[in-house]
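Numbering-wise (my numbering), the sequence shown opens with residue 1145 and increments by one.
Below is one structure, written out as structure tokens; the observations come after it.
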Amino acid sequence: MQNAWLLFRRTDAHTAEPLDLLAFRRRIVQVYLMRHGAIAMPRRAARLALPAVHRVPDEVRFDGVGHFAGPSQTTKRCALCKKNTKKLCLKCTVGLHNQCFNAFHGIL
């Protein structure tokens, strides 16, 4: 794991997002668990919540695998246009309108 972190520090990605070893390990585990569906991202209090763009790691958001729009039991706020919606991405668990779904996941 430490060798992977050292390689990460040498890439251009490190300059945009500096991570210490512990944060790097957490990020790897978080992405692994989200990709394999074991857990959802931990939720924070409403006043501390990050925008959905930052809450869903780019590695998961743009991987192009397993993203499907589905119904939500509660009304959610769309991650892209910020309006209320009853749909969500089943993998990312963020609210998205059908029109906003492709743009949020980088599908043209």
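Idealized CB from N, CA, C, for every residue including glycine.
- Scanning its chain for C-beta atoms nearer than 6 Å, with the 5 sequence neighbours on each side dropped, one finds around residue 1178 the residues 1204, in chain order.
- Per the C-alpha coordinates, the member of 1149, 1250, 1163 and 1164 positioned closest to residue 1209 is 1250.
- Distances from the alpha-carbon of residue 1247 to those of 1219, 1213 and 1230 put 1213 closest.
- In the DSSP assignment, residue 1166 falls within the alpha helix (DSSP H) that extends over 1165-1179.
- For residue 1235 and residue 1166, the gap between their C-alpha atoms comes out near 25 Å.
- The residue from 1160, 1176, 1230 and 1239 with its alpha-carbon nearest to that of residue 1207 is 1176.
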